[in-house]
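Those protein sequences? They're chains A and B, same order as listed.
Just so you know, my numbering puts 31 at position 31 of the first sequence, and the rest follows in order with no gaps.
Just so you know, my numbering puts 130 at position 130 of the second sequence, and the rest follows in order with no gaps.
Glycine included, C-beta positions come from ideal geometry on N, C-alpha and C.
Everything numeric in this text was worked out from a predicted model, so none of it was measured.
Shown next, in structure tokens, is the structure this report addresses.
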Amino acid sequence: MKILTCPLNGPRNISEFVYGGEVKDMPDPNTCSDKAWADYVFYHDNLIQIVKEWWLHAPSGYWFIAERHTASDEIIKTYDPSEIYNTRIEFSTQQEERA
Amino acid sequence: MNMSDTQPSLKRSLLYRTTTGEHYKQQDGGMLVAQFSANDAEQAKRCGLLDLSVARRTGLRGKNAPSVLSEHLPGMANTSVIQANFAEQLSTGEWVLRLGKTEYWVLSSLTGTNASLDALDQAASQTADCYPLYCQSSHAWFVLTGDYISEVMAKLCAVDLNERVFPVGKIAQTSVARVNAIVVKQTYQGIPAFSILSDSSSAEYLWLAILDAMQEFNGQAIGADVLTV
Chain A
1 MKILTCPLNG PRNISEFVYG GEVKDMPDPN TCSDKAWADY VFYHDNLIQI VKEWWLHAPS
61 GYWFIAERHT ASDEIIKTYD PSEIYNTRIE FSTQQEERA
Chain B
1 MNMSDTQPSL KRSLLYRTTT GEHYKQQDGG MLVAQFSAND AEQAKRCGLL DLSVARRTGL
61 RGKNAPSVLS EHLPGMANTS VIQANFAEQL STGEWVLRLG KTEYWVLSSL TGTNASLDAL
121 DQAASQTADC YPLYCQSSHA WFVLTGDYIS EVMAKLCAVD LNERVFPVGK IAQTSVARVN
181 AIVVKQTYQG IPAFSILSDS SSAEYLWLAI LDAMQEFNGQ AIGADVLTV
């Protein structure tokens, strides 16, 4: 069994974790093109390199970020998302108003 | 009294289909197994399993959760900051569990009126940056008691829960018998215990899985009276 170190709970079996996709900057949904939004939501770069990914520790419902090498599957480090995201994102109501 | 005598207005345990105690009592608007057999006291010390799913518990999350807790839970006044994945029993009897940076659960004292938990629920839904968590409905609450609890859990769970590395007050949020669970090391009436909080939809499965693991230690279900009276 592979072991992944959760920043909150410590080392745990990989079966306790759920992959959550690459960490990407969100484009402004009100102004970006459909292609840019689709790129953000659906597409992965899928390169051989160290990538930043969202992972969920399911028993505690805790989302964190892991840096992983996509070829060797080595986890370089894991950390709390507050190291990158420290403000709450408020979504504009522009779309609802238009409707 | 058995479960068929339960008044319709009282909550039934999640295990009402599979488990029947000898005596029930009313607790927090539900029917709790007070005594499972005449042997409960001895069984609890050796290896017992108790279903506290109807007993009161609540949770809250958010930046303001600590201030809501200290304002509405009188016992918090004498308590220092609780670290993540640790629990503490308050002077008023409740157990406060810190499950994350801003997430707290409160397990009732089993003996009090739990009015403070009602106040906590109300405050959590009325305070900005504080959100109530409905762990009363979402989770089952079992208590494994006795001298063999670490040995039983070693069969079900990958995390080392031995007393040497997992003292009273420590929490593990992990997989138990392949279902997600929160495991809290406690003592009730001087008896070592693990509270196991797990998804209510798999309560029956987990109950039977734990009982199965307890079999080699002559483990058996117990009632709540032995831990509270």
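Any Cβ of chain B within less than 9 Å of the Cβ of residue i?
i	result
residue 20 (chain A)	no
residue 170 (chain A)	Since the first and last residues shown for chain A are 1 and 99, residue 170 (chain A) lies out of range.
residue 16 (chain A)	yes
residue 85 (chain A)	no
residue 62 (chain A)	yes
residue 8 (chain A)	yes
residue 104 (chain A)	One cannot answer for residue 104 (chain A) here, as it falls past the ends of chain A, which runs 1 to 99.
residue 12 (chain A)	yes
residue 80 (chain A)	yes
residue 26 (chain A)	no
residue 92 (chain A)	no
Take the Cβ of residue i as the centre, count every other Cβ of all protein chains shown within 10 Å, and call the residue buried at 16 or more, exposed below.
i	result
residue 126 (chain B)	exposed
residue 1 (chain B)	Low confidence applies to residue 1 (chain B): its pLDDT is 49, below 50, so where it sits in the model is not reliable enough to give any reading.
residue 194 (chain B)	buried
residue 62 (chain A)	buried
residue 91 (chain A)	exposed
residue 13 (chain B)	buried
residue 99 (chain B)	buried
residue 10 (chain A)	exposed
residue 40 (chain B)	buried
residue 216 (chain B)	exposed
residue 85 (chain B)	buried
residue 118 (chain B)	exposed
residue 214 (chain B)	buried
residue 65 (chain A)	buried
residue 174 (chain B)	buried
residue 36 (chain B)	buried
residue 76 (chain B)	buried
residue 59 (chain A)	buried
residue 48 (chain A)	exposed
residue 103 (chain B)	buried
residue 29 (chain B)	exposed
residue 26 (chain A)	exposed
residue 24 (chain B)	buried
Please report whether the beta-carbon of residue i lies at a distance below 9 Å from any beta-carbon of chain A.
i	result
residue 180 (chain B)	yes
residue 100 (chain B)	yes
residue 85 (chain B)	yes
residue 96 (chain B)	no
residue 1 (chain B)	Note that residue 1 (chain B) scores 49 on pLDDT, short of 50, meaning its location in the model is unreliable and no value can be drawn from it.
residue 35 (chain B)	no
residue 177 (chain B)	no
residue 172 (chain B)	yes
residue 159 (chain B)	yes
residue 209 (chain B)	no
Taking 9 Å as the cut-off, decide whether the C-beta atoms of residue i and residue j are in contact.
i	j	result
residue 17 (chain A)	residue 69 (chain A)	no
residue 87 (chain B)	residue 169 (chain B)	yes
residue 27 (chain B)	residue 55 (chain B)	yes
residue 75 (chain A)	residue 83 (chain A)	no
residue 210 (chain B)	residue 176 (chain B)	yes
residue 156 (chain B)	residue 106 (chain B)	no
residue 140 (chain B)	residue 67 (chain B)	no
residue 237 (chain B)	residue 121 (chain B)	One cannot answer for residue 237 (chain B) here, as it falls past the ends of chain B, which runs 1 to 229.
residue 142 (chain B)	residue 9 (chain B)	no
residue 221 (chain B)	residue 197 (chain B)	no
residue 123 (chain B)	residue 71 (chain B)	yes
Shorter than 8 Å, the distance from the beta carbon of residue i to the closest heavy atom of the ligand ATP, or not?
i	result
residue 19 (chain B)	Ligands are entirely absent from the displayed structure, and the ligand ATP is therefore not among its contents.
Give a yes or no on contact between the segment 91 to 106 of chain B and the segment 178 to 189 of chain B, applying the rule of three or more CB pairs nearer than 8 Å. yes
For the 8 Å Cβ check, are there 3 or more pairs between the segment 39 to 48 of chain B and the segment 139 to 149 of chain B? yes
Does the segment 107 to 119 of chain B touch the segment 13 to 25 of chain B, meaning 3 or more C-beta pairs lie closer than 8 Å? no
Which parts of the segment 18 to 99 of chain B are runs of the beta strand (DSSP E), unbroken and 3 residues or longer, counting only runs that do not cross its ends? 23 to 27, 30 to 35, 48 to 51, 57 to 61, 86 to 89, 95 to 98
Quick check for students: name the residue ranges of the beta strand (DSSP E) that lie wholly in the segment 165 to 222 of chain B, counting only runs of 3 or more. 171 to 176, 179 to 188, 191 to 199
Where in the segment 27 to 98 of chain A do unbroken runs of the beta strand (DSSP E), each at least 3 residues long, occur, reported from the N-terminal end onward? 50 to 57, 62 to 69, 75 to 79
Any alpha helix (DSSP H) of 4 or more consecutive residues that is wholly inside the segment 107 to 135 of chain B: 115 to 126
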